[in-house]
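Here's the structure, in C-alpha cells; my notes come after.
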Amino acid sequence: MPRSGSASDPTRPDSDPDPGKVLMDALDAIMTTRAIRRFTTVPVSDEDIWTCLRAAQQAPSGGNRQVTRYLVVTDPDLRREIGEYYRKSYDTYTGSRVDTSTDATWTRIKASARHLADHLADVPVLVFFLMPADRPGNAVDIGPLTASVYPAVQNFCLAARTLGLGTTLTTVIRAHHAEVLELLGVPDGYEVAAMVPLGHPTGSFGVAKRRDVADVTRWNQWS
C-alpha cells in the first residue's frame, strides 16, 4: 500500500524543502558516503525514507524525462524472499570469478559483501530503482539509460548519509531478475537498475580508501 506523510509533513513528495535546514555540510556527506553492508535491525522511519526519495527525485535525468521509478520494500516476508534470491545471485556471481587476491582491503570488502548476502533479509528497507526496459534505439549513441538513474541512486545515498543511515548500491539481484520482478508485482516494461539496502549501520562512516585523484586525472589531453 502506498504511504505518504501528513499534510504538515515536510517529507511529502509535494512539499518544498526548508532552505534554512542544513543537516550536514554537503562536501562532508559526499566524502563520507561509503558502502555500508552491515546493518542493525532498527526500523527506519517513513519520514526518513521519504526524505531520501525526495532527494533522489531531484537528481538530473536526460531531457528531464525522470524515468526512474522507486519500489520500497519493508514487508518482512518479501524481504526474506528477496534475500534468498540475492544470496543465490551472489553465490552465482562469486562462483563465476577467479579471485586469488590477498589484499587486506579487498578481503574486508569480500567479507562485508558476504555478510550482506547472508543477512539482506534483516535490513529494514530495500529500495529498488526501476527503469524502462523497452527503449527505442537512437541514431546517435548517447549512452545507456542508467545514466539517468544512477544520479538518483547517489542522491538517495547522500540523503541517507545526512540522516545517519547507511546504504550501498547493488545490482547482483539481476541474476534472478525475472523472479524478483514477479514477486514484487512489477508490470512488464520495467527492469531493475539498482537495489539499495537502507538502514542504521553497525559501524561508523568515514572517508573510504581511494586512489589518489591526481593519479587518474589528465588535463586537456591524455598524455
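Once you know that position 116 of the sequence shown is 435 in our numbering, the rest is easy, because the numbers rise by one and skip nothing. Beta carbons: idealized from backbone N, C-alpha and C, even for Gly.
Beta-bridge pairing by DSSP links residue 514 to 447 and 489. Contact check for residue 348 against residue 477 passes: the beta carbons are separated by less than 9 Å. Taking a C-beta distance under 9 Å as the contact criterion, residue 479 and residue 435 do not qualify as a contact pair. Counted as a single uninterrupted DSSP element, the stretch harbouring residue 505 is not any beta strand (DSSP E), since DSSP gives it neither H nor E. Here residue 475 carries a helix assignment [DSSP, helix/strand/coil].
For residue 389, DSSP records a beta bridge to 448. Straight through space, the alpha carbons of residue 492 and residue 430 are spaced by roughly 18 Å. In summary, residue 415 is exposed, with fewer than 16 beta-carbon neighbours lying within 10 Å of its beta-carbon over all protein chains present. Contact check for residue 468 and residue 370: beta-carbon distance about 19 Å, past the 8 Å limit, so the pair fails to qualify. Separation of residue 389 and residue 447 (C-alpha to C-alpha, rounded to the nearest whole angstrom) is 6 Å. In the DSSP assignment, residue 358 is bridged to 520.
Annotated three-state conformation of residue 353 is coil, per DSSP. Between the stretch 495 to 514 and the stretch 345 to 362, the count of Cβ pairs shorter than 8 Å is below three; the stretches do not touch.
The alpha carbon of residue 527 has as its nearest neighbour, out of 397, 391 and 350, the alpha carbon of 350.
Looking from the CA of residue 432, the closest CA among 399, 392 and 490 belongs to 490. Here residue 484 is not near residue 401, since their CB atoms are 9 Å or more apart.
In the three-state scheme derived from DSSP, where H, G and I count as helix and E and B as strand, residue 470 is classed as helix.
If you compare the alpha carbons of 368, 360 and 359 with that of residue 481, the shortest gap goes to 368. Contact between residue 411 and residue 494 is confirmed by a C-beta separation of about 5 Å, below the 8 Å threshold. Setting aside the 5 residues that flank it on each side, residue 440 is surrounded in the same chain by 398, 399 and 402, each with a C-beta closer than 6 Å to its C-beta; the list follows chain order. In summary, residue 474 is buried, with 16 or more beta-carbon neighbours lying within 10 Å of its beta-carbon over all protein chains present. Put simply, the backbone Cα of residue 379 is about 12 Å away from that of residue 464.
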